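Visitor: Numbered per mature numbering (1 follows the signal peptide of the UniProt record, and there is no 0), the sequence shown spans residues -24 to -1, 1 to 311. In this text, a Cβ means the ideal position worked out from N, Cα and C, and glycines have one as well. Here the structure is a predicted model, which is why all the values come from computation and not from measurement.
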Amino acid sequence: MRITPLAFALTAALGMTLTVPAFAQETREFSVSTVLSDAFPWGQAAEKWAELVNDRSDGRLTLKVYPNAQLVSGDQTREFSAMRSGLIDMAVASTINWSPQVPELNLFSLPFLMPDEAAIDAITQGSTGEKIFAAIDKKGVKPLAWGENGFRELSNSKHPIDSPEDVQGLKVRVVGSPLFLDTFSTLGANPTQMSWADAKPALTTGAIDGQENPLSVFDVARVEQVGQSYLTLWHYMADPLIFGVNKKVWKSLSEADRDLLQQAAIDAGAWEIAKSRNELSQTLDDIKERGVDVTELTTEQHQAFVDATAEVYTKWTPRIGAELVAEAQAAISTR
């Protein structure tokens, strides 16, 4: 609006206040925590979210991504608590890393619960997923959307694995979750919890024999270069990602900006899930071309692992919630 000298003089003479509309709106920057960089689908999901939010808000809202768990000094299991307390604004996070604070998230770590991608979708996109989001919200973080880290596969430096007996005695690096310790202990392995930063040197020296991770991590991190010559595709658990935001930050946003932030998360998650799944075949081919011995289990071999880990369900179902586990199993059976 242009204010002429005459208009200004008349306004002053009449004792009126002339208000000039403010066209510039407040800009805000928020921190986003991830464990992996944009070399991996996980980090790409966070970057896509940031890109969509920036574009759709015309730069008013900026998400600054901090990869490699740097906002929690590398301790990814502290991420949920840090976001709940406000040290982190937002995150694209692993269900595994948040499971110490949200027991229901251990559902995804139950061994051999989800045989395929349709089973993952049956949980995350149905009423089971809604109940899990409600549990996260109750613990103090607002969940917005799902992403995907993929099925975790098993590699080692000793021999091919196609039966539970082949796992016995192996020293295997696992993430910081008691459920993982129980699963591998049940199979007769010697599981060791350690960060990924510590795992690669331990694999190099032979202090540990194996590790479990999605194919994308095996591929980008070139895990075969630290002695992991044998890879078994056993699909023993999948790790969905969750887009989440600190509740105080969420409440500080206008309704329109909340909608914008959540829809951008939903779209970024759908984009990343599709991208990850579409790239799996090529990723596996690349791994094989580098000389890795890849074992794909038959139906009978897979069932042997299912049977061997059944007792893990007895211990963990009450902790997760018997109704939630039953609902997930029913959703998978009718997928």
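Does Pro177 pass the burial test, meaning 16 or more other C-beta atoms within 10 Å, or should it be called exposed?
Guide: Result: exposed.
Visitor: Contact check, Gly245 vs Trp74 under 8 Å by CB: the rounded distance?
Guide: Wrong, their Cβ atoms sit about 16 Å apart, outside the cutoff.
Visitor: DSSP three-state label for Asp113, please.
Guide: Three-state result, Asp113: helix.
Visitor: Note down the Cα distance separating Val151 from Val202, rounded to an integer number of angstroms.
Guide: Approximately 18 Å, taken between the alpha carbons.
Visitor: From this set, Arg32, Asp14 and Trp18, which residue's C-alpha is nearest Ala232's C-alpha?
Guide: Of the candidates Arg32, Asp14 and Trp18, the one whose C-alpha sits nearest the C-alpha of Ala232 is Arg32.
Visitor: Kindly identify the DSSP beta-bridge partner or partners of Tyr42.
Guide: Note: Tyr42 sits in a beta bridge opposite Ser9.
Visitor: When DSSP builds the beta bridges, which residues end up paired with Glu231?
Guide: Looking at the DSSP assignment, Glu231 forms no beta bridge with any residue, so it has no partner.
Visitor: Between Trp18, Ala298, Leu39 and Phe281, which has its C-alpha nearest Thr162's C-alpha?
Guide: If we check each option's Cα against that of Thr162, Phe281 comes out closest.
Visitor: When we look at the beta-carbon of Pro17 and count the other beta-carbons within 10 Å, is it buried (16 or more) or exposed?
Guide: Classification of Pro17: buried, given that the 10 Å Cβ count is 16 or more.
Visitor: At the level of alpha carbons, what is the spacing between Glu200 and Arg36?
Guide: Distance between the alpha carbons of Glu200 and Arg36: 44 Å.
Visitor: Going by the DSSP bridge assignment, what does Phe219 pair with across the sheet?
Guide: Partner(s): Val68 and Ala121.
Visitor: Is the CB-CB distance between Val8 and Ala22 below 8 Å?
Guide: Yes.
Visitor: Cβ of Phe194 within 8 Å of Cβ of Ser131?
Guide: The answer is yes: Cβ separation under 8 Å.
Visitor: What residues match up with Asn73 in a beta bridge as DSSP calls it?
Guide: In the DSSP output, where bridge partners are listed per residue, Asn73 has none listed.
Visitor: Do Leu155 and Ser85 have their C-beta atoms closer together than 8 Å?
Guide: Taking 8 Å as the Cβ cut-off, Leu155 and Ser85 qualify as a contacting pair.
Visitor: Alpha helix (DSSP H) containing Lys291: first to last residue?
Guide: Looking at the DSSP string, the run of the alpha helix (DSSP H) that includes Lys291 is Ala286 to Ile296.
Visitor: Would the segment 268 to 281 count as touching the segment 134 to 153 if we require 3 or more Cβ pairs under 8 Å?
Guide: Because the criterion of three Cβ pairs below 8 Å is met, the segment 268 to 281 and the segment 134 to 153 touch.
Visitor: Would you say Ala250 faces chain D, with C-beta separation under 8 Å as the test?
Guide: You won't find chain D in this structure, because it holds only one protein chain.
Visitor: Per DSSP, Thr274 forms a beta bridge with which residues?
Guide: Partner(s): none; Thr274 has no beta bridge.
Visitor: Rounding to the nearest angstrom, what Cα-Cα distance links Ala26 and Gln144 in this structure?
Guide: Spanning the two alpha carbons is a distance of roughly 44 Å.
Visitor: Quick one: give me the first and last residue of the alpha helix (DSSP H) that Gln20 is part of.
Guide: Residues Pro17 to Arg32.
Visitor: List the DSSP bridge partners of Phe127.
Guide: BP columns for Phe127 point to Ala214.
Visitor: Under 8 Å between the Cβ atoms of Glu80 and Leu300?
Guide: Yes, they are a contact pair.
Visitor: Looking at C-beta atoms only, is the number of pairs between the segment 159 to 175 and the segment 284 to 296 that lie closer than 8 Å three or more?
Guide: Yes, the segment 159 to 175 touches the segment 284 to 296.
Visitor: Can you confirm whether the segment 205 to 214 touches the segment 262 to 271 when touching is taken to mean that 3 or more C-beta pairs between the two stretches lie within less than 8 Å?
Guide: Touching, per the Cβ criterion.
Visitor: Confirm the yes/no value for this check: CB of Met170, any heavy atom of the ligand ZN, distance under 7 Å.
Guide: Annotation note on the ligand ZN: not contained in the displayed structure, which lists no ligands.
Visitor: Can you tell which of Ile64, Thr168, Asp97 and Asn254 has its C-alpha closest to the C-alpha of Pro216?
Guide: Selected option, being the one with the closest Cα: Asp97.
Visitor: State the DSSP-derived secondary structure class of Pro136, mapped to helix, strand or coil.
Guide: In this structure, Pro136 counts as coil in the three-state DSSP scheme.
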